[in-house]
Amino acid sequence: MTRKIVVVGWGPAAHRFVTGLLSGGGDGVDADIAVTVYAADGAVAHDRDALPGVLAEGAALASAALPAIDDPRLEVRAGVRVTAVDRMHRVVHATDHRVQHYDALVLATGANPVLPPIRGLRAADGRSLMRGVHPAHSA
């Protein structure tokens, strides 16, 4: 029976996890798995830590892209967010109105940037904190 893995998020941690899982990752995972990734930012995983440097250098956003994973066991639901997790029934609900069953759920949504509470420290006018790819497009 195929084991269904759902991954919420598509940043570096999720990409590394999926890469390891699909390659066997040393944890005895067999080929009988199906991985569904919910990638709210899009189909391409990006190294979010590299985004400010990419923008500063005037390079294309694609230069922060992580390597594509070409594996028939992987489905990336680009632009789709998970809106609810029902642990009792082992399903996630998504913005595309689909309900996805899972055997294992991985939450790899990253962190939100914050300014530390230091007196006098504030975001400069016209600048914003960068959380992902969409803010980078508008920068």
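Letter by letter, the sequence shown follows residues 1 to 139 in the numbering used here.
Quick reminder that beta carbons are idealized off the backbone N, C-alpha and C, glycines included.
Treat the numbers as computed from the prediction; the structure is a model and nothing was measured.
- Residue pairing for Asp-86: DSSP places it in a beta bridge opposite Val-91.
- Scanning its chain for C-beta atoms nearer than 7 Å, with the 5 sequence neighbours on each side dropped, one finds around Thr-2 the residues Asp-32, Ile-33 and Ala-34, in chain order.
- Non-local beta-carbon contacts of Val-80 in its own chain, meaning distances under 6 Å to residues more than five positions away in sequence, involve Tyr-38, Ala-94, Thr-95 and Asp-96 in chain order.
- Between Val-91 and Val-82 the beta-carbon gap is near 10 Å, outside 8 Å, which marks them as no contact.
- By the neighbour-count criterion, in which a residue is buried when 16 or more other Cβ atoms sit within 10 angstroms of its Cβ, Asp-86 is exposed.
- By the beta-carbon neighbour count (other beta carbons within 10 angstroms, threshold 16), Leu-22 is buried.
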